[in-house]
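Novice: Chains as they are written, first to last, in this note's numbering: chain A, 6 to 339; chain B, 6 to 339. The beta carbon of each residue, even a glycine, is placed where N, CA and C say it ideally should be. My questions all concern the structure below.
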């Protein structure tokens, strides 16, 4: 039997600072962006987009990083591994994640590319379109995976985006091996439909080989994974490939897919969607914080829905209120 | 007679990036901060405050800079003079003010202190408490005052905070002299009650010597200026000292004080105050954009109140919507 874990959730992901601006649909068209998706860009394109975009707000982001900040917001114990440069954006990222109560100790690079940035364009409908310059996140390496931290985390949570930087997938696989060797669980977010398109076969292999125990996907990612527009067919394929999965469906709520069956969990009503950035990340935060307390599938799904509803009602991918308090107000925590 | 001005409003101020976090009243007490005011801090204290404060958002700020961004948002022509360092915060400030439509050409410093920062703590009541590390803003110098730009601006708008850096007051006086020599107007914001306390005699001298034609003050600044708690008495003293002034009174609206009398203008109702940062700056923006269109005192005051109401309903001191559109929706613009 494993020792009591020190962390409920340890996230591994690209350490990114979001540079957020409002834009209209014409801006996306003029700059060849596909609405609602994440595109990888180089430094030259990053500069061109920044020069063209409107006044911006800088806010720490990164998918798995947002998730562990949410986990800490629910009062669970969270840690993060991700690569920064020792520059001013890197210092802001470190400050923000630690100030949110997350343990973060990955050494920043002193040389090489600057801290990763994501240019987030938010359209009037609240949808976000992301352009990521990975920068220093490119340099996440297996040696950054702290064995002792992984071994003492109940869940190691990995973002699919880690398949993009060169060595990060090795870090990912090393972490999964340590976690399982210590009797812990491994979860994966599929991140983005185009990310799935880039790494479909490898993601399926991670699931079929039981390298991951639980996946988080939205509908677009699920359709991309199985290259089908047939939702029910994709769900059936998913059940054959992995023991546990959560499929998020925006305002339609989510499906918690497990060995005993499928539970449909409703979303929380939202008055006005301001910015969908971080919706999936915060859903995962709520769900995982429920898992950490051994709650049932439905309650985990409701906690996910609650955190997602909070984050889409304001700009930025980090919660603005205490999620723990919000859960209490909604009868989902003591 | 003067040539048609190229700019409606040119602002001169400390170029500052705001680092904004939520905090409770206990945090302010524990760190010896006086709620609702601006304190000047050195680099060591800046680091200590940053280490202690919660997750933050970085957003361009600076009092006069916020005002000219608002002026541009109303569709008027705006320019700015202020000192940055050529570092990443400096690049963000330059990007944001230009992307907002403001002409900004002051050369950044390549050496010396980093770009100025203001640590803004927002308490649950929406009040903001500011701690400013001036950094590169210390180095604003009379040579940065572009004579041709001042001469072709209908109003040169100066923030009282300029009295804090070493050479900025000389820059201020040079600009005022050029403006008057070109038949233009000079406006001054009193900035902060403690700033008035530091520079009371000089501010009064600026008014009495007709170096400034119009001042903006809130109640606390007015009381500090005349060292009295008698509001009516302070207004009478103000009328004796300057031809035109606007006194803002939060939810009680404002008084436009002119040679012909005093006009009381109501505020716009606000559902919930999120963050008062920039309220005074944006009030001045609305008022000055009205002046640029030769509107009457009442309409200028209403435009000020409208912009202030917008900015206090979200985090940060820059407007999130088109002020021009907002003015149209409220019958204050065509």
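Can you pull out the residues from the segment 42-57 of chain B whose beta carbon lies closer than 7 Å to at least one beta carbon of chain A?
Specialist: Within the segment 42-57 of chain B, the residues whose Cβ lies closer than 7 Å to some Cβ of chain A are 55, listed in chain order.
Novice: In chain A, what lies closer than 9 Å to residue 270 of chain B by C-beta?
Specialist: Here residue 270 of chain B corresponds to residue number 265 of the second chain, with the count starting at 1. Here the premise fails: no neighbours, minimum Cβ distance about 28 Å.
Novice: Could you check the C-alpha separation between residue 215 of chain A and residue 135 of chain B for me, to the nearest Å?
Specialist: Mapped onto the first chain, residue 215 of chain A falls at position 210. Mapped onto the second chain, residue 135 of chain B falls at position 130. Approximately 52 Å, taken between the alpha carbons.
Novice: For the segment 57-75 of chain B, list every residue whose C-beta sits within 8 Å of some C-beta in chain A, in sequence order.
Specialist: Hits within the stretch, in order: 58, 59, 60, 61, 62, 63, 64, 65, 74.
Novice: Would you say residue 139 of chain A reaches chain B, if we count a Cβ-Cβ gap shorter than 8 Å as a contact?
Specialist: Counted from its first residue, the first chain places residue 139 of chain A at position 134. Residue 139 of chain A does not count as touching chain B.
Novice: Examine chain A for any beta-carbon lying closer than 8 Å to the beta-carbon of residue 206 of chain B, and answer yes or no.
Specialist: As a first step, residue 206 of chain B must be located in the second chain, where it is residue number 201. For residue 206 of chain B, the answer is no, since every Cβ of chain A falls outside 8 Å of its Cβ.
Novice: With a threshold of 7 Å on Cβ separation, who are the neighbours of residue 296 of chain B within its own chain once the five nearest residues in sequence on each side are excluded?
Specialist: As a position in the second chain, residue 296 of chain B is number 291, starting the count at 1. If we look at residue 296 of chain B and ignore the five residues flanking it on each side, its Cβ neighbours are 160, 305.
Novice: Can you tell me whether residue 340 of chain A is buried or exposed, with buried defined as 16 or more other CB within 10 angstroms of its CB?
Specialist: Residue 340 of chain A falls outside the range modelled here, since chain A spans only 6 to 339, and no answer is possible.
Novice: Which residue marks the beginning of the beta strand (DSSP E) containing residue 166 of chain A, and which one marks its end?
Specialist: Locating residue 166 of chain A in the first chain gives position 161, counting from the first residue. No beta strand (DSSP E) holds residue 166 of chain A; DSSP gives it neither H nor E.
Novice: Along chain B, in chain order, which residues have C-beta atoms closer than 8 Å to that of residue 100 of chain A?
Specialist: Residue mapping note: residue 100 of chain A aligns to position 95 of the first chain, counting from 1. Under the 8 Å cutoff, chain B gives 55, 56, 60, 61.
Novice: In the DSSP output, which residue or residues are listed as bridge partners for residue 158 of chain B?
Specialist: For the purposes of this step, residue 158 of chain B is taken as residue 153 along the second chain, with counting starting at 1. B/12.
Novice: Out of B/218, B/219, B/234, which one is the CA nearest neighbour of residue 3 of chain B?
Specialist: The structure shown does not extend to residue 3 of chain B, since chain B is modelled only from 6 to 339, so the question has no answer here.
Novice: Taking CB distances under 8 Å as the criterion, tell me whether residue 283 of chain B reaches chain A.
Specialist: Position 278 of the second chain, counting from 1, holds the residue named residue 283 of chain B. By this cut-off, residue 283 of chain B is not an interface position.
Novice: According to DSSP, simplified to helix, strand and coil, what is residue 321 of chain A?
Specialist: By one-based count along the first chain, residue 321 of chain A stands at place 316. Note: residue 321 of chain A maps to coil in three-state DSSP.
Novice: I want to verify the contact list: residues of chain B whose CB lies under 8 Å from the CB of residue 105 of chain A, in sequence order.
Specialist: Locating residue 105 of chain A in the first chain gives position 100, counting from the first residue. Chain B residues near residue 105 of chain A: 59, 60.
Novice: Given a limit of 8 Å on CB to CB distance, which residues of the segment 79-98 of chain A reach chain B?
Specialist: Within the segment 79-98 of chain A, the qualifying residues are 92, 93, 94, 97.
Novice: State yes or no: is the C-beta of residue 157 of chain A nearer than 7 Å to some heavy atom of the ligand GDP?
Specialist: With respect to small molecules bound, the structure shown includes none, and the ligand GDP cannot be examined in it.
Novice: When burial is assigned at 16 or more other CB atoms within 10 Å of the CB, is residue 365 of chain B buried or exposed?
Specialist: This structure cannot speak to residue 365 of chain B, because chain B is shown only from 6 to 339.
Novice: If I'm right that residue 67 of chain B touches residue 20 of chain B with Cβ under 8 Å, what's the distance once you round it to whole angstroms?
Specialist: The residue given as residue 67 of chain B occupies position 62 in the second chain. The residue given as residue 20 of chain B occupies position 15 in the second chain. That pair is a contact at about 5 Å.
Novice: Report yes if the CB atom of residue 87 of chain A is closer than 8 Å to the CB atom of residue 139 of chain A, and no otherwise.
Specialist: Residue mapping note: residue 87 of chain A aligns to position 82 of the first chain, counting from 1. Residue mapping note: residue 139 of chain A aligns to position 134 of the first chain, counting from 1. No, these two residues do not count as a Cβ contact at 8 Å.
Novice: Nearest CA to the CA of residue 127 of chain B: which residue from B/281, B/43, B/173?
Specialist: Locating residue 127 of chain B in the second chain gives position 122, where the first residue counts as 1. Checked all of B/281, B/43, B/173; the closest Cα to residue 127 of chain B is B/281.
Novice: Should residue 191 of chain A go down as buried or exposed, given a rule of 16 or more other Cβ atoms within 10 Å for buried?
Specialist: In the first chain, the residue the question calls residue 191 of chain A occupies position 186. By the neighbour-count rule (16 or more Cβ atoms within 10 Å), residue 191 of chain A is buried.
Novice: According to DSSP, is residue 61 of chain B helix, strand or coil?
Specialist: The residue labelled residue 61 of chain B in the question sits at position 56 within the second chain. Coil, per DSSP.
Novice: In its own chain, which residues sit with a C-beta less than 8 Å from the C-beta of residue 187 of chain A, not counting the 5 before and 5 after it?
Specialist: Counting from 1 along the first chain, the entry for residue 187 of chain A is found at position 182. Contacts found: 7, 155, 156, 157.
Novice: Could you give the DSSP three-state label for residue 121 of chain B: helix, strand or coil?
Specialist: Position 116 of the second chain, counted from the first residue, corresponds to residue 121 of chain B. It is a strand residue.
Novice: Are the Cβ atoms of residue 91 of chain B and residue 118 of chain B separated by less than 8 Å?
Specialist: Along the second chain, read from residue 1 onward, the residue named residue 91 of chain B stands at position 86. Along the second chain, read from residue 1 onward, the residue named residue 118 of chain B stands at position 113. The answer is no: Cβ separation not under 8 Å.
Novice: Cutting at 8 Å between CB atoms, please list the residues of its own chain near residue 265 of chain A, excluding the five before and the five after it.
Specialist: Counting from 1 along the first chain, the entry for residue 265 of chain A is found at position 260. So the list is empty, once near-sequence residues are dropped.
Novice: Please confirm if residue 298 of chain B has its CB atom under 8 Å from at least one CB of chain A.
Specialist: As a working mapping, residue 298 of chain B is identified with position 293 in the second chain. So, not an interface residue.
Novice: Could you pull the DSSP bridge partners for residue 194 of chain B from this structure?
Specialist: Indexing the second chain from 1 puts residue 194 of chain B at position 189. DSSP lists B/164, B/221 as partners of residue 194 of chain B.
Novice: Which two residues bound the contiguous beta strand (DSSP E) that contains residue 268 of chain B?
Specialist: Counting from 1 along the second chain, the entry for residue 268 of chain B is found at position 263. Per DSSP, residue 268 of chain B belongs to the beta strand (DSSP E) from 266-270.
Novice: How many angstroms separate the CA atom of residue 229 of chain A from the CA atom of residue 259 of chain A?
Specialist: By one-based count along the first chain, residue 229 of chain A stands at place 224. By one-based count along the first chain, residue 259 of chain A stands at place 254. So the alpha carbons of these two residues sit roughly 18 Å apart.
Novice: Cβ of residue 6 of chain B less than 8 Å from any chain A Cβ?
Specialist: The residue you call residue 6 of chain B lines up with position 1 of the second chain. Summary for residue 6 of chain B: the model assigns pLDDT 48, below 50, so the residue's position carries little reliability, and this model does not support an answer.
Novice: Below 8 Å, how does it come out for the segment 310-319 of chain B and the segment 47-65 of chain B: are there three or more Cβ pairs, yes or no?
Specialist: Flag = no, the segment 310-319 of chain B and the segment 47-65 of chain B do not touch.
Novice: On a CA-only basis, which of B/184, B/52, B/203, B/147 is nearest residue 166 of chain B? Give me that one, please.
Specialist: Along the second chain, read from residue 1 onward, the residue named residue 166 of chain B stands at position 161. Closest option to residue 166 of chain B, Cα to Cα, is B/203.
Novice: Go ahead and pull the three-state DSSP assignment for residue 249 of chain B.
Specialist: If you number the second chain from 1, residue 249 of chain B lands on position 244. Reduced to three states, the DSSP call for residue 249 of chain B is strand.
Novice: Using 10 angstroms around the beta-carbon of residue 211 of chain A, count the other beta-carbons present and answer buried if the total reaches 16, otherwise exposed.
Specialist: As a first step, residue 211 of chain A must be located in the first chain, where it is residue number 206. Residue 211 of chain A should be labelled buried.
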